[in-house]
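Numbering (my numbering), first residue to last: 6 to 401.
Beta carbons are placed, not taken as given, at the ideal position from N, Cα and C, and that holds for glycine.
Bear in mind that the values here come from a model prediction, so they are computed numbers and not experimental data.
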Ligand code: ADP
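Written out as structure tokens, the structure reads:
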């Protein structure tokens, strides 16, 4: 079979992450990061054939950054045409109610993504910028937008709906949209394939800097912890997760904080960082091991929230067959996985100490043989999922 590749682009407000992926083998032919766009100290890292190329110079804007990436592919490889590039796949965070699957980018799609900016103010403007410059620079291949919310568009109404005044919710498109959907879809499908079962009741825990849980029955998500925005749900690196909304009113009244300050507090100065001063789980765990009480409490809050969601999702699904950990914390933090399972034996959740301690690069089971719930670690691969969805869409 001739090779084909998809250039996957994740465009942030001052960065562009990219990967040239073979959707059939999952191999990444190249990957890289353009950082600090628009700042004095721009930087670019490009890896190809195990060789890392770095350069540091100002990068004026996203167009400038992506142009340099394409030049680098010419200079140090891989040659985009020779790699068989068939599409550019773009990560878009907020697809609103409109996008329940990936979409081939045309002007109507970019207009929609722009219209959705009020629902995704932190991400959609940067995602859109990435699409616009990439279409200009690579006009001869189709571009596909893959939405982080799409996997959750099919949530049952009772799970997607807030018990908020109906007129207000409808007028302002307020519902639970979820996020990290590309990862939850990739991981839940990997688990089904691995266990060779299409009827599984699964809980997936995506625990990175941002963190979310989902309940998936068969191939469909039935609940997820993120809401209108990625703020709701689990304790995260810098976000509160679930919190009484009245805390915001209270801070407004007693501390005189305005919306922007509360937004910043809840999204950037809370979570593990707010509780301990550090958003990195490795640091928090290290502190806890030294007996730091704030770190011990933070881990307690983090784990308690996870157990609560697992129990709730088991109840929502009427059972649980598989529990999967993914993303930076989920894939690497052995102790956390064991702590989460502790006390959930009544649900059939058990973690085998030896299996849990194994460092494997691929998916692996960490529950004992014959346990009622299969507990797994599955490395997520959002780039591969975006590449796969892009080619699947173009083939149909
Ligand atoms: P993002 O959400 O930014 O994509 P990742 O999924 O890469 O992030 O997760 C990043 C987080 O993973 C880090 O902030 C760190 O807390 C955590 N992490 C990475 N490696 C380890 C490790 N060995 N042990 C515990 N936590 C880890």
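Please state if the CB of residue j and the CB of residue i are separated by a distance shorter than 8 angstroms.
i           : j           : result
residue 103 : residue 153 : no
residue 228 : residue 164 : yes
residue 215 : residue 241 : yes
residue 217 : residue 239 : yes
residue 249 : residue 237 : no
residue 127 : residue 101 : no
residue 39  : residue 20  : yes
residue 157 : residue 182 : yes
residue 36  : residue 59  : no
residue 98  : residue 132 : yes
residue 349 : residue 312 : yes
residue 33  : residue 388 : yes
residue 159 : residue 67  : no
residue 341 : residue 308 : yes
Name the DSSP beta bridge partners of residue i, please?
i           : result
residue 56  : 53
residue 234 : The partner list for residue 234 (beta bridge, DSSP) is empty, contrary to what the question assumes.
residue 15  : 22
residue 95  : 14, 150
residue 220 : 208, 228
residue 48  : 40, 61
residue 109 : 149
residue 379 : 327
residue 369 : 382
If you follow the beta strand (DSSP E) that residue i is part of, which residue opens it and which one closes it?
i           : result
residue 1   : Residue 1 cannot be examined here, being either before or after the span of the chain that is shown, 6 to 401.
residue 207 : 206-212
residue 328 : 327-331
In the DSSP assignment, find the alpha helix (DSSP H) that holds residue i and state where it starts and stops.
i           : result
residue 79  : 67-81
residue 259 : 251-260
residue 187 : 186-200
residue 270 : 264-273
residue 308 : 298-322
residue 286 : 286-294
residue 162 : 162-165
Exposed or buried, which one is residue i when buried takes at least 16 other CB atoms within 10 Å?
i           : result
residue 386 : buried
residue 289 : buried
residue 170 : exposed
residue 201 : exposed
residue 284 : buried
residue 190 : buried
residue 271 : buried
Keeping to the same chain, check which residues put their C-beta closer than 8 angstroms to that of residue i; ignore five residues upstream and five downstream.
i           : result
residue 378 : 325, 326, 327, 328, 352, 353, 354, 355, 372
residue 110 : 95, 136, 140, 147, 148, 149, 150
Kindly list the residues whose CB is nearer than 6 angstroms to the CB of residue i, restricted to its own chain and excluding five residues on each side of it in sequence; keep chain order.
i           : result
residue 393 : 28
Leaving out the 5 sequence neighbours to the left and right, which residues in its chain are closer than 7 angstroms to residue i when beta-carbon positions are compared?
i           : result
residue 161 : 227
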